[in-house]
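Visitor: Numbering (our numbering), first residue to last: 6 to 75. Here's a structure for you.
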């Protein structure tokens, strides 16, 4: 058995002109904790010239941020 786990990656898509955003962490929303903390709201920023970034919710889940340019 491996000593590590590959978790499902969370990707947040923001509009081409957005520089700030607020999202719910899907991993937190899926796991209902005994302490009543079922979801984490994460606020972040992405500079206008960046197409990709990363942020971490309060519970440590990593979220990738992509600027939608499709």
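Here a beta-carbon is modelled for each residue, glycine too, at the ideal position from N, C-alpha and C.
Going by Cα to Cα distance, which pick from 13, 51, 54 is closest to residue 33?
Guide: Against the chain shown, residue 33 aligns to sequence position 28. Closest option to residue 33, Cα to Cα, is 13.
Visitor: If you compare alpha carbons, which of 45, 55, 66, 63 is closest to residue 24?
Guide: Working through the chain shown from its first residue, we reach residue 24 at position 19. When each option's Cα is compared against that of residue 24, the closest is 55.
Visitor: DSSP state of residue 72, grouped into three classes?
Guide: Residue numbering aside, residue 72 sits at position 67 when the chain shown is read from its first letter. Strand at residue 72.
Visitor: Identify, in the order they occur along the chain, each residue of the same chain with its Cβ nearer than 8 Å to the Cβ of residue 69, setting aside the five sequence neighbours on each side.
Guide: Position 64 of the chain shown, counted from the first residue, corresponds to residue 69. Contacts found: 14, 15, 16, 17, 57, 58, 59.
Visitor: Buried or exposed: which applies to residue 46, given that a residue is buried once 16 or more other Cβ atoms fall within 10 Å of its Cβ?
Guide: If you number the chain shown from 1, residue 46 lands on position 41. Classification of residue 46: exposed, given that the 10 Å Cβ count is below 16.
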